[in-house]
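If you're matching them up, the sequences are chains F and G in order. With the working numbering, the residue at position 141 of the first sequence is 161, and numbering never jumps. With the working numbering, the residue at position 107 of the second sequence is 110, and numbering never jumps. Data block below; observations after.
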Amino acid sequence: MTMPYYASAEQVMRDRSEYARKGISRGRSVAVLTYSDGVLFIAENPSSTLHKVGELYDRIGFAAVGRYSEFESLRVAGVRMADVRGYSYNRRDVTGRVIANAYAQTLGEVFTQQMKPFEVELCVAEVGETPESDQLYRLTFDGSIVDEPDFVVMGGQAEAVSGHLREHFLPGMDLAEALKVGVRALSAVSPATATNGGGHDQLPAEQIEVAVLDRRRPKRAFRRVVGAALRNLLSDEPAPADVDEPVAAAAHTHAPSAPAPGTPPGLGDPESVDTAGGTEHVSDQLGVTDGAGGGTDGGSGTGTPAAG
Amino acid sequence: MTQQSGGRSGFTPAYLDRVGSSFTDFLGITAPELLPGRRPLPAMPLAEVGPHATTIVAVTYAGGVLMAGDRRATMGNLISSRDIEKVYAADSWSVIGIAGAAGIAIEMVRLYQVELEHYEKIEGMTMSLDGKANRLAAMIRGNLGAAMQGLAVVPLFAGYDLDAAEGASPGRIFSYDVTGGNYEERGYASVGSGSLFAKNSLKKTWRPGLPADAATRTVVESLYDAADDDSATGGPDPVRKLYPIVYRVDAEGAVRLPDAEVAAVAESIVADRSAAEQGRGA
Numbered sequence: 021m022t023m024p025y026y027a028s029a030e031q032v033m034r035d036r037s038e039y040a041r042k043g044i045s046r047g048r049s050v051a052v053l054t055y056s057d058g059v060l061f062i063a064e065n066p067s068s069t070l071h072k073v074g075e076l077y078d079r080i081g082f083a084a085v086g087r088y089s090e091f092e093s094l095r096v097a098g099v100r101m102a103d104v105r106g107y108s109y110n111r112r113d114v115t116g117r118v119i120a121n122a123y124a125q126t127l128g129e130v131f132t133q134q135m136k137p138f139e140v141e142l143c144v145a146e147v148g149e150t151p152e153s154d155q156l157y158r159l160t161f162d163g164s165i166v167d168e169p170d171f172v173v174m175g176g177q178a179e180a181v182s183g184h185l186r187e188h189f190l191p192g193m194d195l196a197e198a199l200k201v202g203v204r205a206l207s208a209v210s211p212a213t214a215t216n217g218g219g220h221d222q223l224p225a226e227q228i229e230v231a232v233l234d235r236r237r238p239k240r241a242f243r244r245v246v247g248a249a250l251r252n253l254l255s256d257e258p259a260p261a262d263v264d265e266p267v268a269a270a271a272h273t274h275a276p277s278a279p280a281p282g283t284p285p286g287l288g289d290p291e292s293v294d295t296a297g298g299t300e301h302v303s304d305q306l307g308v309t310d311g312a313g314g315g316t317d318g319g320s321g322t323g324t325p326a327a328g
Numbered sequence: 004m005t006q007q008s009g010g011r012s013g014f015t016p017a018y019l020d021r022v023g024s025s026f027t028d029f030l031g032i033t034a035p036e037l038l039p040g041r042r043p044l045p046a047m048p049l050a051e052v053g054p055h056a057t058t059i060v061a062v063t064y065a066g067g068v069l070m071a072g073d074r075r076a077t078m079g080n081l082i083s084s085r086d087i088e089k090v091y092a093a094d095s096w097s098v099i100g101i102a103g104a105a106g107i108a109i110e111m112v113r114l115y116q117v118e119l120e121h122y123e124k125i126e127g128m129t130m131s132l133d134g135k136a137n138r139l140a141a142m143i144r145g146n147l148g149a150a151m152q153g154l155a156v157v158p159l160f161a162g163y164d165l166d167a168a169e170g171a172s173p174g175r176i177f178s179y180d181v182t183g184g185n186y187e188e189r190g191y192a193s194v195g196s197g198s199l200f201a202k203n204s205l206k207k208t209w210r211p212g213l214p215a216d217a218a219t220r221t222v223v224e225s226l227y228d229a230a231d232d233d234s235a236t237g238g239p240d241p242v243r244k245l246y247p248i249v250y251r252v253d254a255e256g257a258v259r260l261p262d263a264e265v266a267a268v269a270e271s272i273v274a275d276r277s278a279a280e281q282g283r284g285a
């Protein structure tokens, strides 16, 4: 066999797309859904440390499928860009659109100029003040960027999962409903479930990675939902009222963040406890009331600010 | 925005390079002009060119640690600010107070806050308290050149140690010198122009394992004593309703005490002092 010394641009691009698509389709799926209080990320991911979902900035989250090393370095680049921008301007000047554009440029550049394209698909989600202002940007390996309403599904069986979601998704669902709809959609195609030859009826809590961007949080909206809180949301037992009440109560204890004069930008509401976005650990006792970290912080008590 | 990230070309290789979780180190590569220690300084004494922030105190108590700062900034013989804030939450479990050149100090606090959050986001976990104290020391060390010309920044750092051994106090305080020396303090510490008087006050009033309200009174009283003897430290100002800034860090995280609570403490101290003074006069 001889190496052709000429290949048409069309052929080259087609080969690269083919290659990238194959890589991505081997991975498990990720779904990003909007719900009444923000954006919900659900990833089928048996690892609890190699995340597919992450925090980029105060109101901006990231989800990816494909090759871990590639999307991880893109995630880090996004965090760096957000932090440099927030530091040199102001925290309010960091938007999902800017980061999504930088991703699109980078992916497009790698796709056209390098032998091997990135085998990744990304979603940059930004939560706004109202459900209408939430943004979901979906980025593909060739640098195309699409602004999607309602939900984004990426990964191996994205078509099947979005088909399922199109049937069952309703705008303005609460967290527990949205999570159930999302998990059901992912379970329908997952190899871990019984219908597809696995051992479970539906994806169990250990097999999924869940995080939210909760618009009610004053500063850093991103929270991972883990442990008892996640199991609780997945099970059918707790009446919605039990979950809603403390979350709603917590909502008004955190006023939207507006840095006071003389406060370095980024401190936000000085009275609110704002614990780490990445390290949340929800204990069993908290899990009952602390559905999605709505106002309280897992592992840190009920987060009553300010001494009485 | 630096050209690297704003242009058509997406991320530069520096952004995609998967090494290091430090924001300061990253800025050093991509935008060194944004770092406080990297700017050329005119070869002249600079001590009087900007406002100076003064006294900060910190004490441990039963549930964690408290830090408080007065509200005054001075420029030579002038009071340049009556309501400056010199104590900040560095992240969810630690607080930082600053004394020295206010402009550089506040810039450093901002950088430090981003540094901690950046690490947290990239690593997916919070830095250890000792790690945080060390990062701050490195930042102070970078400012040595400016410090020698009169723009010294000396912080006080305190936090709740989530990894504290059983029986050890989770509230810990770290003090610094201008060369970046980092010293862990036992019980209480103070920095700034009024620190001598504040520390003397704390020496008499602070005891290990105080409850939160008694410890709050202790720190506010030490600032009152510092303001009594140091012209650069401001006392409670009931006319403008300006009271010291007090942060508490306990198992639930760092919170700023509401002004009303600090005001009540300050007023009770003033009342006790004036009662004592009247008793003396009679």
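Even for Gly, the Cβ is constructed at its ideal location relative to N, Cα and C. Please read all numbers here as calculations on a predicted model, not as lab measurements.
To which residues does DSSP link residue i through a beta bridge?
i, result
"Asn146/G", "None, per the DSSP bridge assignment."
"Ala56/G", "Ala76/G, Gly103/G"
"Ser182/F", "Ser182/F pairs with nothing; no bridge assigned."
"Ala63/F", "Val50/F, Glu229/F"
"Ala84/F", "Leu142/F"
"Ala92/G", "Val98/G"
"Asp234/F", "Gly58/F"
"Phe242/F", "Leu233/F"
"Asp167/F", "Tyr157/F"
"Leu254/F", "Per DSSP, none; premise fails for Leu254/F."
"Tyr179/G", "Asn185/G"
"Leu69/G", "Val62/G, Arg251/G"
"Phe160/G", "Ile99/G, Phe177/G"
"Ile82/G", "Thr77/G"
"Tyr77/F", "Ile80/F"
"Val172/F", "Val52/F"
Can you tell which of the options has the C-alpha that lies nearest to the C-alpha of residue i?
i, options, result
"Ser108/F", "Ala71/G, Leu37/G, Leu260/G, Ile99/G", "Leu37/G"
"Val273/G", "Asn146/G, Asp228/G, Asp253/G", "Asp228/G"
"Asp73/G", "Gly31/G, Arg243/G, Ser83/G, Ile87/G", "Ile87/G"
"Asp57/F", "Asp221/F, Arg244/F, Gln227/F, Asp194/F", "Asp194/F"
"Ala158/G", "Asp233/G, Val268/G, Thr27/G, Met70/G", "First, the amino acid is wrong: residue 158/G is Pro here, not Ala. Taking only the C-alpha atoms, the option nearest Pro158/G is Met70/G."
"His71/F", "Gln133/F, Ser255/F, Val246/F, Phe161/F", "Val246/F"
"Thr150/F", "Arg79/F, Val209/F, Tyr25/F", "Arg79/F"
"Pro211/G", "Arg75/G, Pro173/G, Met78/G, Arg276/G", "Pro173/G"
"Ala192/G", "Lys202/G, Asp275/G, Glu270/G, Ala278/G", "Lys202/G"
"Leu60/F", "Val73/F, Val181/F, Asp256/F", "Val73/F"
"Leu3/G", "Arg237/F, Glu187/F, Arg105/F", "Given that chain G is displayed from residue 4 to residue 285, the structure contains no residue 3/G and the question cannot be resolved."
"Arg46/F", "Val203/F, Gly219/F, Gly176/F, Arg236/F", "Gly176/F"
"Leu165/G", "Gly66/G, Leu44/G, Met47/G, Gly23/G", "Gly66/G"
"Gly3/G", "Ala171/G, Ala167/G, Leu199/G, Gly145/G", "Any property of residue 3/G remains undetermined from this structure, which presents chain G solely from 4 to 285."
"Thr69/F", "Met128/G, Pro39/G, Gly106/G", "Met128/G"
"Ile107/G", "Val98/G, Leu81/G, Arg85/G, Met142/G", "Met142/G"
"Gly237/G", "Leu147/G, Tyr91/G, Ile82/G, Ser277/G", "Ile82/G"
"Val209/F", "Tyr25/F, Arg87/F, Thr132/F, Ala63/F", "Ala63/F"
For residue i versus residue j, is the C-beta spacing smaller than 7 Å?
i, j, result
"Ala83/F", "Val50/F", "yes"
"Ala205/F", "Leu185/F", "yes"
"Ala215/G", "Tyr122/G", "no"
"Ala241/F", "Asp234/F", "yes"
"Gly43/F", "Glu152/F", "no"
"Leu19/G", "Ser93/F", "yes"
"Ala102/G", "Gln116/G", "no"
"Ala140/G", "Ala61/G", "no"
"Val68/G", "Met111/G", "no"
"Phe189/F", "Phe171/F", "yes"
"Pro191/F", "Ala40/F", "no"
"Val181/G", "Thr219/G", "no"
"Pro66/F", "Gln222/F", "no"
"Ala198/F", "Val52/F", "no"
"Ala76/G", "Gly153/G", "no"
"Val329/F", "Glu30/F", "There is no way to answer for residue 329/F, as the model of chain F reaches only from 21 to 328."
"Asp240/G", "Gly197/G", "no"
"Gly333/G", "Ile125/G", "Outside the shown range of chain G (4 to 285) lies residue 333/G, about which nothing can therefore be said."
"Val90/G", "Ala257/G", "no"
Taking 8 Å as the cut-off, does the region 95-102 of chain F touch the region 10-30 of chain G (at least 3 CB pairs, one atom from each stretch)?
yes
Segments of 4+ residues assigned as alpha helix (DSSP H) that fall wholly inside the region 181-265 of chain G:
198-208, 215-232
Specify whether the region 177-184 of chain G and the region 42-55 of chain G touch according to this definition: at least 3 beta carbon pairs, one from each stretch, less than 8 Å apart.
no
Check whether the region 124-138 of chain G and the region 217-233 of chain G touch, using three or more Cβ-Cβ pairs below 8 Å as the test.
no
Closer than 8 Å is the cut-off here; do at least three beta carbon pairs connect the region 249-264 of chain G with the region 196-211 of chain G?
no
Evaluate contact between the region 115-128 of chain F and the region 142-162 of chain F, counting only Cβ atoms and requiring at least three cross-stretch pairs below 8 Å.
yes
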